[in-house]
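Report on the structure given below.
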Amino acid sequence: MQLFKKTTTFDFMSKRTLAVTFSALLILISIGSLATRGLNFGLDFTGGTLIELGYSHPVDLRVVRSTLEKSGFPEAVVQHFGASKDILIRIAPQEGKSNAEVSSRVMTALRSVEDGEIDMRRVEFVGPQVGDELANDGGLAMIYALICILIYVGFRFEYRFAIGSVAALIHDVIITLGVFSLFQLDFDLTVLAAILAVIGYSLNDTIVVFDRIRENFRKMRKGTSVDIVNASLNQTLSRTLMTSFTTLLVLIALFVVGGELIHGFATALIIGVVVGTYSSIYVASSSALLLGISKEDLMPVVKEGDDLEHIP
Amino acid sequence: MNQYPAWKYLLLLVVLVVSILYALPNLYGEDPALQVSSSRTTAVDISTKEKVRKLLQDANVSFKSIVLANEQILVRFPDTESQLKAKDVVKEGLGRGYIVALNLAPRTPEWLRAMDAAPMYLGLDLRGGVHFLMEVDVDAAVHQAEERYIGDFRSLLRENKVRYAKISRFVDKNGDSGVEVKFKSAEARDKAERLLDKEYPDLLIEADDREGGFFLLARLSEKEMRETRKLALKQNITTLRNRVNELGVAEPVIQQQGEDRIVVQLPGVQDTARAKEILGATATLEFRLTDETHDADEAARTGRVPAGLKLYPKREGGYVLLKNRVMLTGDYIIDASSGIDQQSGGPAVYITLDGKGAKIFSKVTGENVKKLMSVVFIEKKTETRMVDGKPVKTRHTVEEVINTARIQEQLSKRFQITGLDSTKEAHNLALLLRAGALAAPIEIVEERTIGPSLGQENIDQGFASVVIGFVLVLVFMAIWYRGFGLIADLALAFNLVVIVAVLSMLQATLTLPGIAGIVLTVGMAVDANVLIFERIREELRNGVSPQAAINSGYAKAFSTIADANITTLIAAVILFGFGTGPIKGFAITLSIGILTSMFTAIMGTRAVVNLVYGNRRVEKLSI
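Protein chains in written order, with numbering that gives the first Met the number 0: chain A, 0 to 311; chain B, 0 to 622.
What follows is the structure in structure tokens.
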């Protein structure tokens, strides 16, 4: 089976003003949301305590809340998690109180009012000092990744391509973050890992396109830069779509059956892959064109004395 | 055309066979098992093994096998029920001195174990257990060192008959601390300075004349402070290891992280409250003579404590005055066990001292027969609290007298103390005394506990997503690229086997995000094949012959594949460098997956394509 019987001839670049406007709009919305609503940082970054409990019967959250209130946790957030028998309790770090013992105290309080067994499924406690560090390290990791990639692409291709690919990456990361901010999805360590994977993935896509553009610049004698970029995009189109599709297939499998703990991770990657596919077609190439990429820039450099090497 | 040299087929075959062998142990599952190892004072040998066997036979507990290896006895059971029963039986029967821990032993057959093949090492989020990150208050160790110098200075000056007015710890406005000695005369100060300089060459000692007297300031040198901190951390790791052993945990991880942190991972531990209580406790004991001439309650009320004495609260209420000089510290205790006091019927702790401690103790108790002696229970805690949105460290020490008794006779190596609240407290105190005191207080700054039910659920769900994702991609590739799709499917299956084999060989920790990494790799690994196949199609459309199309398809796609994968690898490596625990797991599987997929998707598929189409006339490709 084939998506396109022969190489397509879509004129992608003629729509690039539209695409740039669309991207700019998305980025504006994302930044706006990030600035006003911020990210809904999970426990990993804020510090605090999270407890997941499994009861042998459906639980009334009001009972749990009142028990916790009596035990000195009026600010505890209690919700069902996955099923009505499972609950999730979140307690923010408290001013002037010791936090490491919170989980034991909560467990003791809840077990004292429950006849049956309560299955302790998960406890996470992150002290305020660790939360700050994780947030810092995460931010640094993202910046380092971008810099390293910039260097690698600059070294392998040309600086205009490097800037184009990093522009596409920043575009993808901002929009993915924007979606998390807009819908106030839980942003934890696994989501951060997913975003770094998005960086890797989106770049993967971009590189394939750039590789073809470079090849075509060297091969095609005729045509403007825009024509060559268009041809390259068309030639790689079915590959771009195919790979995105198989990746999305496995991510959807992960999202559906992977369980609650991996939800945020799968969500971030799904958004990232969709946005990344779009950006490798439009954003990366448009930026390279915008920076004035031309045939001369990509011709292999003929070193002086190169031809002498063949003489024994 | 399109033929591979024999060595390439051979290489692929070898990789395939080795991968299958090393991935194999993951299919065998695990036995509930019991692990018996020795604590410091005992040895595990063939006689211990026979003893365990007899204990189990006498108690009628069925077991599958019992093996002695690496100074450990491993007993396998058919079910968890007999495992749990066996733990009680063996623990009871062997007595203290042995560490009896529950474990899951891989059912890897002997011939695989002989070549060091083992199943993947599952992280805590998959097998269940506790992860603690503990911060050691290393500055408290410096503080303690300074306190120690106060005592040392006091005895040195007294022995040499140098009169001093006061010795205390000071903290100057820069936050630097040290020991300050006050003298009434300059001569005494100068004499003391010479003495201290000679005795403690590592200390920075300077004279400081200001209002109110003549002073000597002693500070720890930069180097010594560093050493003290380092030593405290090392000692804490040792103590934590001893305590974990006392708890009976199989395969614990206790590791230094950074300059002042320790990671403790206890697989399979459920009772985190007890684990926290035991690991974090800093309880130790001190023995001091009790003052009988002054009124302690009066001193507590007025706040005026007579010279040479120190005021302590009593656990049952009220106060007592104790002599400044410590008779003995908990450091000399080599063994302790809890029991019931014969006379009072209350809980008691039986203590055994080492040779040096016994010598000191028999000397001081011999000199002070008929006098009162108190046992001081000391617990130090460090906590980080949020004050105005900023973490602030607070330290507090609980010191209380748990027991005061008249010294009836000279005490020596073995004796008992009473006055504890409950048998549980006696039990915990005995455990802590056995395991040794922490050199500096520790604080839990991160805890991640996963219950066994959630761990199993994570494995099941993770496994399900790998299988479903894998099957979806297989089907899709077969439909889309027909014959070549099937070849890509083979490569994908090969890739999965290689990933599992590499993870098993490296014994890298597999976490839930790690499984997600494998799933992602499955989706992305076909990218290389997609690139190649699309190229071949393109060449075919351009009218190139099938054999040439195959050749140039592979050749032209190669550099693209390499570039694309290296960039993802960069992201994965950075993730590994910055990530903690589970995230590292994701970075590892992603990196391994990228590398193995390059091998299988390029070389693996090419080999099969060459076998099918190579060296013959081909009219049409199934692509």
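In this text, a Cβ means the ideal position worked out from N, Cα and C, and glycines have one as well.
Span of the beta strand (DSSP E) holding residue i?
{"i": "Pro545/B", "result": "Premise fails: Pro545/B lies in the alpha helix (DSSP H), 545-577, not in any beta strand (DSSP E)."}
{"i": "Tyr79/A", "result": "The amino acid at residue 79/A is misidentified as Tyr; the sequence shows His. Its beta strand (DSSP E) spans residues 76-80."}
{"i": "Asp207/B", "result": "202-209"}
{"i": "Arg260/B", "result": "260-266"}
{"i": "Val319/B", "result": "318-328"}
{"i": "Arg413/B", "result": "413-417"}
{"i": "Thr48/A", "result": "47-54"}
{"i": "Tyr97/B", "result": "97-105"}
{"i": "Gly291/A", "result": "Per DSSP, Gly291/A belongs to no beta strand (DSSP E) and is neither H nor E."}
{"i": "Ser36/B", "result": "29-37"}
Using a Cβ-Cβ cutoff of less than 8 Å, which residues in the same chain neighbour residue i once the five nearest sequence positions on both sides are dropped?
{"i": "Ile416/B", "result": "Leu284, Ala347, Val348, Ile350, Val374, Ile401, Asn402"}
{"i": "Gly267/B", "result": "Leu101, Asn102, Leu103, Arg126, Gly127, Gly128, Val248, Ala249, Pro451"}
{"i": "Trp479/B", "result": "none"}
For the alpha helix (DSSP H) containing residue i, list its first residue and its last residue.
{"i": "Leu502/B", "result": "451-505"}
{"i": "Asp171/B", "result": "From DSSP, Asp171/B is part of no alpha helix (DSSP H); its letter is neither H nor E."}
{"i": "Asp136/A", "result": "127-155"}
{"i": "Ala606/B", "result": "604-612"}
{"i": "Gly354/B", "result": "354-366"}
{"i": "Asn234/A", "result": "What sits at residue 234/A in the sequence shown is Gln, not Asn. Per DSSP, Gln234/A belongs to the alpha helix (DSSP H) from 224-256."}
{"i": "Gly127/B", "result": "Taken as a continuous stretch (DSSP letters only), Gly127/B belongs to no alpha helix (DSSP H), as it is neither H nor E."}
{"i": "Asp115/B", "result": "Per DSSP, Asp115/B belongs to no alpha helix (DSSP H) and is neither H nor E."}
{"i": "Gly263/A", "result": "262-280"}
{"i": "Gly212/B", "result": "Here Gly212/B belongs to no alpha helix (DSSP H); instead the beta strand (DSSP E) covers 212-219."}
Using the three-state DSSP reduction, which class does residue i fall into: helix, strand or coil?
{"i": "Thr396/B", "result": "strand"}
{"i": "Leu519/B", "result": "helix"}
{"i": "Tyr3/B", "result": "coil"}
{"i": "Ile377/B", "result": "strand"}
{"i": "Phe76/B", "result": "coil"}
{"i": "Glu408/B", "result": "coil"}
{"i": "Gln56/B", "result": "helix"}
{"i": "Asp334/B", "result": "strand"}
{"i": "Ile622/B", "result": "coil"}
{"i": "Pro312/B", "result": "strand"}
{"i": "Asn39/A", "result": "strand"}
{"i": "Tyr158/A", "result": "helix"}
{"i": "Asn69/B", "result": "coil"}
{"i": "Met106/A", "result": "helix"}
{"i": "Phe124/A", "result": "strand"}
{"i": "Val58/A", "result": "coil"}
Residues in the same chain with beta-carbon distance under 6 Å from residue i, minus the five sequence neighbours each way, listed in chain order, please.
{"i": "Ser167/B", "result": "Glu179"}
{"i": "Gly603/B", "result": "Ala490, Phe493"}
{"i": "Glu245/B", "result": "Leu430, Ala434"}
{"i": "Asp136/B", "result": "Thr381, Ala439, Pro440"}
{"i": "Gln506/B", "result": "Tyr120"}
{"i": "Thr510/B", "result": "Gly122, Asp124, Pro581, Gly584"}
{"i": "Leu181/A", "result": "Ser32"}
{"i": "Pro31/B", "result": "Phe76, Thr79, Gln82"}
Can you name, in chain order, every residue of its own chain whose Cβ lies under 7 Å from the Cβ of residue i, other than the five neighbours on each side?
{"i": "Gly361/B", "result": "Note that residue 361/B is Ser in the sequence shown here, rather than Gly. Hits under 7 Å: Gln409, Leu410, Ser411."}
{"i": "Pro127/A", "result": "Gly46, Pro92"}
{"i": "Ile162/A", "result": "Ser286, Leu290"}
{"i": "Ile8/A", "result": "It is Thr, not Ile, that sits at residue 8/A in the sequence shown. Once the five neighbours on either side are set aside, the close Cβ partners of Thr8/A are Asn233."}
{"i": "Ser293/A", "result": "Ser224"}
Within 7 Å of chain B by C-beta, residues of the region 243-265 of chain A in sequence order: Of all residues in the region 243-265 of chain A, Thr245, Thr246, Leu248, Val249, Leu250, Ala252, Leu253, Val256, Gly257, Gly258, Leu260, Ile261, Phe264 have a Cβ within less than 7 Å of some Cβ in chain B.
Output needed in chain order: residues of the region 427-450 of chain B with a Cβ under 8 Å from some Cβ in chain A. Against chain A - using a Cβ distance shorter than 8 Å - the residues of the region 427-450 of chain B are Glu442, Ile443, Val444, Glu445, Glu446, Arg447, Thr448, Ile449, Gly450.
Which of the residues in the region 65-82 of chain A, read from start to end, lie with their CB under 8 Å from any CB of chain B? If the cut-off is 8 Å between Cβ atoms, the region 65-82 of chain A has nothing near chain B.
Which runs of the alpha helix (DSSP H) spanning at least 4 residues fall entirely within the region 130-197 of chain B, listed in chain order? Fully contained in the region 130-197 of chain B are the following alpha helix (DSSP H) runs of length 4 or more, in chain order: 137-158.
Output needed in chain order: residues of the region 500-524 of chain B with a Cβ under 7 Å from some Cβ in chain A. Going along the region 500-524 of chain B in chain order, one finds Leu511, Pro512, Ala515, Val518, Leu519, Val521, Gly522, Met523 with a Cβ nearer than 7 Å to chain A.
To test your reading of the DSSP string, which unbroken beta strand (DSSP E) runs of 3 or more residues are found completely within the region 243-305 of chain B? Runs of the beta strand (DSSP E) inside the region 243-305 of chain B: 252-256, 260-266, 283-289.
Proximal residues, the region 561-572 of chain B versus chain A, C-beta separation under 9 Å: Residues passing the 9 Å Cβ filter: Asp562, Ala563, Asn564, Ile565, Thr566, Thr567, Leu568, Ile569, Ala570, Ala571, Val572.
Could you name the residues of the region 181-193 of chain A whose beta carbon sits closer than 7 Å to any beta carbon of chain B, in the order they occur along the chain? Per Cβ criterion, the list reads Leu188, Thr189, Ala192.
Contact list for the region 200-216 of chain A against chain B, Cβ threshold 9 Å: Listed by position along the chain: Tyr200, Leu202, Asn203, Asp204, Thr205, Ile206, Val207, Phe209, Asp210, Arg211, Glu214.
Residues of the region 192-215 of chain B with Cβ closer than 9 Å to any Cβ of chain A, in chain order: Residues are counted here when their Cβ sits less than 9 Å from a Cβ of chain A; for the region 192-215 of chain B the count is zero.
Contact set between the region 456-467 of chain B and chain A, restricted to residues whose Cβ is under 8 Å from the partner: Correct list: Glu456, Asn457, Gln460, Gly461, Ala463, Ser464, Ile467.
Which residues, taken in chain order from the region 139-154 of chain A, show a beta carbon closer than 8 Å to some beta carbon of chain B? Contact residues of the region 139-154 of chain A toward chain B are Leu139, Ala140, Tyr143, Ala144, Cys147, Ile148, Tyr151, Val152 (C-beta to C-beta distance below 8 Å).
Note down, in chain order, all residues in the region 569-603 of chain B with a beta-carbon under 8 Å from any beta-carbon belonging to chain A. Residues Ile569, Ala570, Ala571, Ile573, Leu574, Gly576, Phe577, Gly578, Thr579, Pro581, Ile582, Phe585, Ala586, Leu589.
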